[in-house]
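S.K.:
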Amino acid sequence: MTVALPDLPFARPSLDAVTIQGVAEVLRSGWIASGPWVQAFEQRLSELCGGRPVRAVTSATAAIEIALQLAGIGPGDEVISSAQSFFTVPNMIAKVGATPVFVDCDPVTRNLEVAAVEAAITPRTRAVVPTHWPGSAMDLDGLIALARRRGMRVIEDAALTFGTRFAGRFGGSFGDVTTFSFHPNKNLTTIEGGALVVNDEAEAKRIDVLRFHGIERLADGTRDVAFPGGKFNLPDVNARIGVGQLDRLDELLDRRRHLAERYFARWPDGVGCTLPPRPVARDGCTWNMFCVLVPAERMTRAAFREAMQREGIGTGISYEALHLTTLGRRYGGREGQHPNAERIARETVTLPLFPDMRDEDVDRVCDAVARILSTHRRRPR
């Protein structure tokens with residue numbers, strides 16, 4: 012059976028004609044690997060992050076892996092992260108030889124709670140990786156203070172929140188290490204790509220080695236490798252797209268905020284969904300996603316998504332409970348261990364939200380939700 016693609020997807024990149032023309036110019040230049048556009052992109056990102064050094068890489072996954080290597084994480088170490096996040100975090104913790112330690116999240120904000128992190132610390136804990144969620148800012152000050160007391164690194168997974176300000180400070184302009192994602196469904200895209208924001212030039216120079224084979228140049232012009240680095244350098248083609256996106260960043264983020272507010276204004280009463288929290292400060296959220304929890308007593312998430320698909324509306328799942336993946340179970344994950352993350356994993360649905368959406372598209376989604384859930388007052392046994 013062939014399933015028709017939705018005419019309203021849940022995510023779509025916004026690329027303007029100027030940026031597309033800029034990419035063509037890079038291609039015609041003959042310099043398409045890492046070069047001047049990568050340097051320009053990194054400089055622009057650094058300016059946003061208060062002048063802190065930034066290094067661009069091929070993905071947020073590469074950024075997390077390099078951040079763990081930068082922190083010296085390896086076999087015998089433990090790294091705390093949320094059971095409610097994307098696969099990148101535990102995958103890279105395991106890849107460097109460390110042990111992922113999952114903790115539960117707040118059921119509404121989905122953020123890590125500092126008390127839960129503190130309770131999970133052991134003598135082997137070397138770092139914590141919080142995933143920031145689009146609808147709310149977590150207690151970063153409390154987490155950073157805890158990490159400093161206990162000698163841990165904080166590696167912020169800010170894949171979903173590029174452009175968010177925490178108490179007026181641009182995400183990445185403070186703290187320890189911050190990683191960004193520039194995937195096509197993120198707030199800023201480079202097709203594929205990511206970046207790390209670090210403390211000083213010494214760390215940035217270490218990333219230069221880690222992202223390009225581990226190669227270090229010797230005084231006589233030859234090269235050496237002391238650590239098995241990866242191949243994570245971003246091409247200039249991608250960086251040119253990133254610069255074009257930065258030129259429009261305020262416009263793109265304002266549109267996301269407007270669409271999220273329309274969701275709140277048009278959301279149907281009485282359908283039983285749990286909505287994301289509305290941020291107190293407008294710049295405290297950049298709305299990469301609009302996730303709701305479908306009421307399990309009315310219908311399954313799978314049935315709801317199928318019904319939305321029939322309406323021509325695409326949806327996503329953000330995210331599965333990581334401790335219940337096959338990998339997570341190898342580290343002791345089991346049902347009932349982290350109930351908030353498990354409930355989110357069963358009931359969460361990501362609804363369409365991207366800058367090129369029209370207000371009428373939000374209305375269409377809300378009307379479809381009302382029709383679907385109003386006919387399912389109680390889930391059949």
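With positions in the sequence shown counted from 1, the corresponding number in my numbering is that position plus 11.
Think of the CB as a built atom: it goes at the ideal place given N, C-alpha and C, for glycine as much as any other residue.
All values derive from a computational prediction rather than experimental measurement.
#1: When the distance is taken between beta carbons, is Q95 closer than 8 Å to I324?
#2: Given a cut-off of 8 Å on the beta-carbon distance, is the pair I252 and T200 in contact?
#3: Along the chain, where does the beta strand (DSSP E) that runs through R135 open and close?
#4: Determine the burial state of G186: buried for a count of at least 16 other Cβ atoms within 10 Å of its Cβ, exposed for fewer.
#5: Using DSSP bridges, identify the partner residues of E167.
#6: Looking only at C-alpha atoms, which of I75, Q50, D374 and A35 sits nearest to F191?
#7: Under a Cβ-count criterion, where at least 16 other Cβ atoms within 10 Å of its own Cβ denotes burial, should L362 be classed as buried or exposed?
#8: To the nearest angstrom, how far is it from the Cα of G87 to the Cα of V107?
#9: Tell me W144's beta-bridge partners as DSSP assigns them.
#10: Quick one: what does DSSP say I84 is sitting in, helix, strand or coil?
#11: Output the distance between the C-alpha atoms of H224 and A126, rounded to the nearest integer angstrom.
#12: Return the CA-CA distance between V29 and R259, expressed in angstroms with no decimal places.
#13: What does the alpha-carbon distance come out to for the pair M12 and R321?
#14: What would DSSP say about E203, mapped onto helix, strand or coil?
#15: Let me confirm a value: V291 is counted as buried when at least 16 other C-beta atoms fall within 10 Å, else exposed. Which label applies?
#16: Nearest by alpha-carbon distance to M103: which of L338, H387 and W144 is it?
#17: Do the stretch 110–117 and the stretch 334–350 meet, that is, are 3 or more Cβ pairs less than 8 Å apart?
#18: Quick check: is any heavy atom of the ligand GTP less than 7 Å from the C-beta of V90?
#19: Would you kindly work out how many angstroms separate the C-alpha atoms of T285 and K216, rounded to a whole number?
#20: What residues match up with K242 in a beta bridge as DSSP calls it?
#21: Pair every Cβ in the stretch 236–247 with every Cβ in the stretch 176–184, then say whether three or more of these pairs are closer than 8 Å.
#22: Are the beta-carbon atoms belonging to V140 and L154 less than 8 Å from one another?
#23: Is it the case that the Cβ atoms of R357 and A307 are separated by a distance below 8 Å?
#24: From what residue to what residue does the beta strand (DSSP E) around P111 run?
#25: What three-state label does DSSP hand G327 in the structure shown?
#26: Could you tell me how far apart the beta carbons of W298 and R267 are, in whole angstroms, since I believe they sit closer than 8 Å?
#27: Starting from A381, follow the alpha helix (DSSP H) in both directions and report where the run begins and ends.
#28: Please name the residue or residues paired with I91 in a DSSP beta bridge.
#29: Is it true that the CB of A71 sits closer than 8 Å to the CB of F365?
#30: Starting from R321, trace the alpha helix (DSSP H) both ways and give me its first and last residue.
#31: At which residues does the alpha helix (DSSP H) containing T99 begin and terminate?
#32: Can you tell me whether DSSP reads F365 as helix, strand or coil?
#33: For V236, report the span of its beta strand (DSSP E) as first-last.
#34: Can C302 and G183 be called in contact, C-beta distance under 8 Å?
#35: I'd like the span of the alpha helix (DSSP H) that includes A352, first residue to last.
M.R.: Quick answer:
#1: No, these two residues do not count as a Cβ contact at 8 Å.
#2: In contact: I252 and T200 (Cβ atoms closer than 8 Å).
#3: Careful: R135 lies outside any beta strand (DSSP E) and carries neither H nor E.
#4: Counting Cβ neighbours within 10 Å, G186 comes out buried, since at least 16 surround it.
#5: E167 is bridged to T189.
#6: The shortest C-alpha separation from F191 is found at I75.
#7: The residue in question, L362, is buried, as its Cβ has 16 or more Cβ neighbours within 10 Å.
#8: Their Cα atoms are separated by approximately 10 Å.
#9: W144 pairs with S147.
#10: Taken through DSSP and simplified to helix, strand or coil, I84 comes out as coil.
#11: Each residue's Cα considered, the two are about 39 Å apart.
#12: Rounded to the nearest angstrom, the two C-alpha atoms are 11 Å apart.
#13: Confidence at M12 is low in this model, with a pLDDT of 44, below 50, so its placement is unreliable and the value that follows should be read with caution. The alpha-carbon atoms of M12 and R321 are separated by roughly 14 Å.
#14: Three-state result, E203: coil.
#15: By the neighbour-count rule (16 or more Cβ atoms within 10 Å), V291 is not buried but exposed.
#16: Nearest option by C-alpha distance: L338.
#17: Contact holds: three or more Cβ-Cβ distances are below 8 Å.
#18: For the structure depicted, the ligand GTP is absent and the ligand set is empty, with no information on it obtainable.
#19: Straight-line Cα distance between these residues: approximately 45 Å.
#20: Partner(s): F223.
#21: Touching, no.
#22: Cβ atoms of V140 and L154: not closer than 8 Å.
#23: With respect to A307, R357 sits close: the two C-beta atoms are nearer than 8 Å.
#24: Its beta strand (DSSP E) spans residues T110 to V114.
#25: Assignment of G327 by DSSP, reduced to helix, strand and coil, places it in the strand class.
#26: Their Cβ separation, rounded to whole angstroms, is 4 Å, which keeps W298 and R267 in contact under 8 Å.
#27: First-last of the alpha helix (DSSP H) with A381: D370 to S385.
#28: Partner residues in the beta bridge of I91, as assigned by DSSP, are V112 and V139.
#29: In this structure, A71 does not lie closer than 8 Å to F365 by Cβ.
#30: Annotation: the continuous alpha helix (DSSP H) that includes R321 extends over R312 to R321.
#31: Under the DSSP assignment, T99 falls in the alpha helix (DSSP H) whose first and last residues are T99 to K106.
#32: Taken through DSSP and simplified to helix, strand or coil, F365 comes out as coil.
#33: R234 to V236 is the extent of the beta strand (DSSP E) around V236.
#34: Taking the C-beta atoms as reference points, G183 is found no nearer than 8 Å to C302.
#35: First-last of the alpha helix (DSSP H) with A352: P350 to E358.
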